[in-house]
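Quick note on numbering: the sequence shown equals residues 1 to 287 in the UniProt record's numbering. Glycine included, every Cβ here is placed at the ideal spot set by N, Cα and C. Below: one structure, written as structure tokens.
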Amino acid sequence: MIERFEAERSRMFGLAYRMLGSAAEAEDVVQDAYLRWSGAEREGIGSPGAWLAKVVTNLCLNRLTAARATRERYVGFWLPEPAPTGALGPLESAERRDAVSMAFMLLLERLTPAERAVFVLREAFSYGYREIADVLDLSEANCRQLYGRARRRVGEAPRFDAPGEQRRRIVERFLTAADSGDLAGLERLLADDVVAWADGGGKVNAALRPVAGRERVVRYLAGLAAKSGQGVEFGHADLNGQEAVLARRGGELVAVFVFEVSGGMIGGVRTVLNPEKLSHLRELAGS
Numbered sequence: 001m002i003e004r005f006e007a008e009r010s011r012m013f014g015l016a017y018r019m020l021g022s023a024a025e026a027e028d029v030v031q032d033a034y035l036r037w038s039g040a041e042r043e044g045i046g047s048p049g050a051w052l053a054k055v056v057t058n059l060c061l062n063r064l065t066a067a068r069a070t071r072e073r074y075v076g077f078w079l080p081e082p083a084p085t086g087a088l089g090p091l092e093s094a095e096r097r098d099a100v101s102m103a104f105m106l107l108l109e110r111l112t113p114a115e116r117a118v119f120v121l122r123e124a125f126s127y128g129y130r131e132i133a134d135v136l137d138l139s140e141a142n143c144r145q146l147y148g149r150a151r152r153r154v155g156e157a158p159r160f161d162a163p164g165e166q167r168r169r170i171v172e173r174f175l176t177a178a179d180s181g182d183l184a185g186l187e188r189l190l191a192d193d194v195v196a197w198a199d200g201g202g203k204v205n206a207a208l209r210p211v212a213g214r215e216r217v218v219r220y221l222a223g224l225a226a227k228s229g230q231g232v233e234f235g236h237a238d239l240n241g242q243e244a245v246l247a248r249r250g251g252e253l254v255a256v257f258v259f260e261v262s263g264g265m266i267g268g269v270r271t272v273l274n275p276e277k278l279s280h281l282r283e284l285a286g287s
């Protein structure tokens with residue numbers, strides 16, 4: 001029955017990632033689910049997909065309780081761990097791509113574990129309230145209440161209205177300017193009210209607070225490039241439904257820049273520098 005499990009793997013990873021904001025932890029949850037699947041009496045499993053969704057959701061709920069305490073002690077600004085867009089399940093609409101953006105994943109941090117579970121199952125996987133109630137062992141009425149609270153806390157998903165090709169051109173221009181040290185070129189790509197966030201997790205030097213404003217962000221990016229030293233190579237990637245840039249030194253991934261593009265300009269730059277949060281991408285790339 002390993003084939004049946006593998007058929008559900010991508011969906012389970014997408015569910016766990018949206019619940020936890022960590023690709024590495026999501027992989028661990030999927031592996032734990034596999035161990036439970038291997039030891040289960042399959043004759044009593046009416047719907048493998050529903051059974052696995054329940055297992056994964058409850059494993060994530062257990063982890064979220066511990067994660068909340070850990071994040072309260074986190075050094076600097078916490079960002080979700082970047083994940084390849086293609087690993088996050090069907091994203092056939094712009095709204096669904098926006099809903100896996102780093103900006104939206106941060107909004108999910110406002111929710112209690114139960115609210116997050118209901119919201120993710122409802123919004124990302126189109127579960128009905130009866131199905132959600134079965135997964136969480138709650139009443140349908142309770143699930144409706146949790147969803148309503150979650151919807152109010154999250155609000156509307158951030159919208160990044162630039163078409164895919166336009167976003168790619170803007171990021172390619174960013175790459176060209178970064179490679180050549182063209183600060184004026186970088187500045188022309190940024191909105192007046194651009195904001196940059198960095199996550200070093202206390203492992204590497206990073207700004208502990210958001211940097212706001214075009215001139216300040218340009219200086220910040222220039223300083224970040226200078227700290228990175230010589231021999232840094234930049235490449236393009238599609239992460240969290242957004243255009244991103246990978247920075248490598250000596251072939252090793254050292255930073256990920258995820259861009260929020262709206263109105264033809266870069267309005268947000270989220271930089272993941274914490275090496276622990278880059279390990280999953282390193283493993284995928286073999287670097």
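One Cα belongs to C60, the other to T70, and the distance between them is close to 15 Å. Counting along the chain, the unbroken alpha helix (DSSP H) around T65 starts and ends at P48 to E72. Excluding sequence positions up to five before and after R248, its CB lies within less than 6 Å of the CB of E233, all in the same chain and listed in chain order. By the neighbour-count definition (other C-beta atoms within 10 Å, threshold 16), H280 is a buried residue. In this structure, the alpha-carbon of P48 lies about 39 Å from that of V261. In the three-state reduction of the DSSP assignment, S279 falls in the helix class. L15 and K54 have their alpha carbons spaced roughly 11 Å apart.
Just measuring C-alpha positions, the residue of I170, A150, R216 and L138 sitting nearest G263 is I170. Bridge partners of F104 according to DSSP: none are assigned.
Inter-residue distance for R96 and V254 is about 28 Å (C-alpha atoms, whole angstroms).
Around the beta-carbon of L35, fewer than 16 other beta-carbon atoms lie within 10 Å, marking it exposed. The C-alpha of T176 is placed about 48 Å away from the C-alpha of W51.
Leaving aside the five residues that flank A178 on each side, the residues in its chain whose CB is nearer than 6 Å to its CB run, in chain order, F234. Every alpha helix (DSSP H) of 4 residues or more that sits fully in the segment 121 to 167 is shown, in chain order, as 129 to 136 and 140 to 154. Cβ neighbours of R11 within its own chain (closer than 7 Å, five residues either side excluded): G89. Note: P84 is bridge-paired with L239 in the DSSP secondary-structure output. Contact check for A184 against F77 fails: the beta carbons are separated by 8 Å or more. Where D199 is concerned, the enclosing beta strand (DSSP E) starts and stops at L190 to D199. In this structure, V272 lies near L79, with their beta-carbon atoms less than 8 Å apart. Note that the C-beta distance between E25 and R68 is not below 8 Å. Residue burial annotation: N205 is exposed, with fewer than 16 other C-beta atoms found within 10 angstroms of its C-beta.
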